[in-house]
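Down below is the structure, laid out as structure tokens.
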Amino acid sequence: MNNKLLAIIFVLATGFGLVARADEGMWLPVLLNQKNITAMQNMGLKLTPEQIYSVNQACLKDAIVALDHGGCTGSIISANGLLITNHHCGFEAIAGQSTVEHDYLTDGFWAMRQEEELPIPGKTVSFLILMKDVTSEVLSGIEDESDKSSRAERVERVIDSLKKVYEEVSGYEISIESMLHGNSYYMFEYQTFNDVRLVGAPPSGVGKFGGETDNWMWPRHTGDFCLLRVYSGADGKPAEKSDLNIPLNPKYFLPVSLEGVKEGDFSMIMGYPGSTDRYLTSYGIEHKLEVLNPTDILLKTAKMEILKKYMNQSDALRLAYASDYAYLANFQKKSIQESKALKRLKVYDDKKQLEDSFQEWVSMSLDRADKYGSVLNDMEEVYKERTADKADKAQTYLEETLMGVKILLWAYQTNELLSSLEDGNDLTEQLAHFRKQAAEFYREFNQDADKEIMCRMFKLYRENLPDQYYPDLFVKISKKFDNSDEKFADALYRKSIFASAEAFEAFLNKPTAKKLSGDPAFEAANSFLASYILAMVTQMGYQEKFDEASRLFVAGLMEQDTNRNFYPDANSTLRLTYGQVKAYDPADAVEYMYRTTSKGILEKDDPQNREFAVPEKLKILLKAGDFGKYGENGILPVCFLTTHDITGGNSGSPVINGRGELIAVAFDGNSEAMSSDIKYDVNLQRTICVDIRYVLFIVDKYAGAGYLLDELKFAGK
Ligand code: ARG
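According to our numbering, the sequence shown is numbered sequentially starting from 19.
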């Protein structure tokens, strides 16, 4: 065969590189078609589709749960509701339970008996009962010609009424989600449990080993896991927290394999990826690189600098702000690396090429031109408007100010209380709610840190936004406080009922509408809220045009390329991604291996550096080399890489082998492929997983909580 012919065949076979490669794709389990299944079986899957997803028999999907309605993923690993997820998914809870005397974050926590398990306020665990394509129900419901409202409004109305019907019929929580940018719709039935308790968490020197320095990086040596337990009422159904509740008896739980992995092995992940933008246009990439990411990086970096300073002052402050800081650091680094990778991997050029080929295909028929002719243009125009009016930039500033300055967010939340006060409603419930919340809030609040963040945010806000988004508050600051944010902030924290636990308690004991509405923090929050509404309304002016263009663009792409297996963008619904254990080469002259071992933990050890200080006991164990059944030829595997297609929300997802057994827990992605929310790169994108053998070594030998292992079901036993 000559080269030209080969090239043509290659292009046809790969559909200009658009065919989903084996590893790319976040598949809805019900949509795994013959193409996927055959590919999976060829790669090493031994299960039938029904063993993965079925509504008639217990299957893998019954062991996969969404934490906090999709913030993270977990999996059930015992008949007593034991659940494994990431340390960073339990981080807020672990930090929240920590005090300077009982610093579970630094030292770890292990319940040695069931009674010692710690209830986690607010934590929820949701099981998917079933999912179903309801596209025809949604779309046929919007075809009322006499209806003059917009398509989006009609869709929303139909979804609302369908939800009610399904809720009534099933008795479960229902959500209906748009897929492929409004080209299809799926209904999901969930059952949510909210008595969830902490069973075990390793010390930060294991669970967050490498800290922010190693976050998003390979080679990695983090034991990023923690163990929770789900409790149900005596009848096995969800129940409010109570001592009478019993450990959940799940429909299914994952067996564990100690066999380990080698390069090339098949594996898959099921979990709840939060959001991707795989159909983003070149205009969208430009906007991200020029507006969204720089804004996000600037604001998060500013806050991090301030928090770091305070966290270094005392253990109490370090614990108070640990979770906020980890959040900021994680997403700041993600934005930095995303911009870098987008540029380095020339994703803009790829998108441009795709759009050119789309436009050419469109122009080949009048029908198509009629339907899709203006789609790309429409999107380009919207981006131009967004760049010009800076509404989305203002939105980011407002979110970071309103939600990032703690006293403002706290004050904002009392708006409903004001209405009740004004209407003379019974306040018992609301006051109880705020008393409870206050206990948590003030534990993680420091006036000086918050004041400094407020002043920095106000300053950046003035410097970088046009004055149509300035809140009225700025006029007041200039008139009454010599235009000094510091003077204003000093007065605010001196006078506000929100400034301290004592002041707030005093207010709750004698709440009046006058006091609340005249409070400087309350006024400031609502003044920003007004600007926020302006920014949102401005964007609503073109959101519909944009959504419609996106829907048609994706519809057109599907029509243009019928060979490509399309998968919907992540939207916190259950997905499956399959691939293999695999190394990668991140740069010229650099080759990474597919796994790390405990040797690397000792190499990285640095007692002077909190991020890399290995706990003494772990050092002794690792040096002794007594790895037992968790080792492999005298080494202890720690983390490994796979080609899975995941994103935030997948954190804590089980990594499952071809026989359906748990081999690891997914916890991170690699910085070199941080453009992955927009484009999957087969050569570079990797999921970083913690080997279940390292997890169990820590539980058993480090924590001495080996009794938990009796609950597990080991493969082949
Ligand atoms: N990069 C991980 C993710 O987004 C989170 C890691 C949290 N750890 C941290 N050091 N901030 O899933």
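We put the CB at the ideal spot given by N, CA and C, even for glycine.
Boundaries (first-last residue) of the beta strand (DSSP E) holding serine 93
Segment 90 to 94, the beta strand (DSSP E) holding serine 93.
Near ligand 1, which residues have their beta-carbon less than 6 angstroms from any of its heavy atoms, given in chain order?
So the residues near ligand 1 by this Cβ test are His106, Lys226, Gly229, Glu230, Asn233, Trp234, Ala344, Ala347, Asn348, Gly666, Ser669, Asp686.
Taking 8 angstroms as the threshold (C-beta atoms), are proline 586 and leucine 46 in contact?
Result yes, Cβ atoms of leucine 46 and proline 586 sit closer than 8 angstroms.
Starting from threonine 432, trace the beta strand (DSSP E) in both directions and tell me its first and last residue.
Looking at the DSSP string, threonine 432 is not in any beta strand (DSSP E), and its letter there is neither H nor E.
So what's arginine 613 in DSSP terms, helix, strand or just coil?
Reduced to three states, the DSSP call for arginine 613 is strand.
Buried/exposed call for glutamine 703, threshold 16 Cβ in 10 Å
Classification of glutamine 703: buried, given that the 10 Å Cβ count is 16 or more.
Output the distance between the C-alpha atoms of isoleucine 674 and proline 625, rounded to the nearest integer angstrom.
Between isoleucine 674 and proline 625, the C-alpha separation is close to 35 angstroms.
Using beta-carbon positions only, say whether serine 144 and valine 83 come within less than 8 angstroms of one another.
Yes.
Would tryptophan 234 and aspartate 686 be called neighbours here (beta carbons separated by less than 8 angstroms)?
It is a contact, given that the beta carbons lie within the stated cut-off.
Report, in whole angstroms, the separation of the C-beta atoms of aspartate 242 and histidine 105, which I expect to be a contact under 8 angstroms.
Rounded to the nearest angstrom, the Cβ distance from aspartate 242 to histidine 105 is 5 angstroms, consistent with a contact under 8 angstroms.
contact_flag[the segment 527 to 540, the segment 496 to 504] where n(CB pairs < 8 angstroms) is 3 or more:
Fewer than three pairs of CB atoms, one per stretch, sit closer than 8 angstroms, so the segment 527 to 540 makes no contact with the segment 496 to 504.
Classify glutamine 52 as buried or exposed, calling it buried when 16 or more other Cβ atoms lie within 10 Å of its own Cβ.
Taking every protein chain shown into account, the CB of glutamine 52 has fewer than 16 other CB atoms within 10 angstroms, so this residue is exposed.
Under the three-state reduction of DSSP, which class applies to lysine 424: helix, strand or coil?
The answer is helix: DSSP assigns lysine 424 an H, G or I state.
Could you spell out where the alpha helix (DSSP H) holding threonine 231 opens and where it closes?
Secondary structure note for threonine 231: its alpha helix (DSSP H) is the uninterrupted segment 229 to 232.
Can the beta-carbon of tyrosine 602 be found closer than 8 angstroms to that of alanine 519?
Alanine 519 sits away from tyrosine 602, with the two beta carbons spaced by 8 angstroms or more.
Runs of beta strand (DSSP E) lying entirely within the segment 93 to 133, each at least 3 residues, in chain order:
Within the segment 93 to 133, the complete beta strand (DSSP E) runs of at least 3 residues fall at 100 to 103.
In whole angstroms, what separates the C-alpha of arginine 169 from that of lysine 306?
Distance from the CA atom of arginine 169 to the CA atom of lysine 306, rounded to whole angstroms, is 28 angstroms.
Closest Cβ-Cβ distance between aspartate 537 and chain B: below 8 angstroms?
Here there is only one protein chain, and chain B is not present.
Cα separation between serine 341 and valine 700?
Going by the C-alpha atoms only, they are around 33 angstroms apart.
Grab me the residues of tyrosine 390's own chain with a C-beta within less than 7 angstroms of its C-beta, minus the 5 sequence neighbours each way, in chain order.
Closer than 7 angstroms at Cβ, skipping near neighbours: Val380, Leu570, Gly574.
Anticipated Cβ contact below 8 angstroms, aspartate 663 with threonine 595, distance rounded:
Confirmed, about 4 angstroms.
First through last residue of the alpha helix (DSSP H) which encompasses methionine 197
Boundaries for methionine 197: no alpha helix (DSSP H) harbours it, while the beta strand (DSSP E) harbouring it runs 191 to 197, taken from the DSSP string.
Within 8 angstroms, do at least three Cβ pairs link the segment 127 to 145 to the segment 205 to 216?
Verdict: yes, contact present.
Contact between the segment 81 to 97 and the segment 651 to 659 (3+ Cβ pairs under 8 angstroms)
Cβ pair count under 8 angstroms is below three, so no.
Hey, could you find the ends of the alpha helix (DSSP H) arginine 704 is sitting in?
Per DSSP, arginine 704 lies in no alpha helix (DSSP H) segment and is marked neither H nor E.
Ranges of the beta strand (DSSP E) found wholly within the segment 206 to 267, counting only runs of at least 3:
Listed in chain order, they are 213 to 219, 244 to 250.
Classify serine 222: buried if its beta carbon has 16 or more other beta carbons within 10 angstroms, exposed otherwise.
That one is buried.
Beta carbon of glutamate 739, beta carbon of alanine 733: below 8 angstroms?
Shown here, the chain extends from 19 to 735; a query on residue 739 therefore has no answer.
Which runs of the alpha helix (DSSP H) at least 4 residues long sit entirely within the segment 296 to 367? Give them in chain order.
For the segment 296 to 367, whole alpha helix (DSSP H) runs of length 4 or above, ordered along the chain, are 300 to 305, 311 to 329, 333 to 362.
Could you tell me the distance, in whole angstroms, from the CA atom of alanine 642 to the CA atom of alanine 691?
Looking at the two C-alpha atoms, the distance is approximately 37 angstroms.
Does the Cβ-Cβ distance between glutamine 59 and glycine 282 come in under 8 angstroms?
Judged by their CB atoms, glutamine 59 and glycine 282 are not nearer to each other than the 8 angstroms cut-off.
Are the segment 472 to 480 and the segment 412 to 428 touching by the rule of at least three beta carbon pairs closer than 8 angstroms?
Pairwise C-beta distances place the segment 472 to 480 in contact with the segment 412 to 428, as three or more of them are shorter than 8 angstroms.
Pick helix, strand or coil for leucine 73, following the three-state DSSP scheme.
The amino acid occupying residue 73 in the given sequence is valine; leucine does not appear at that position. Residue state, collapsed to three classes: coil.
DSSP state of isoleucine 638, grouped into three classes?
Secondary structure of isoleucine 638 (DSSP, three-state): helix.
Secondary structure at alanine 684, three-state DSSP: helix, strand or coil?
Reduced to three states, the DSSP call for alanine 684 is strand.
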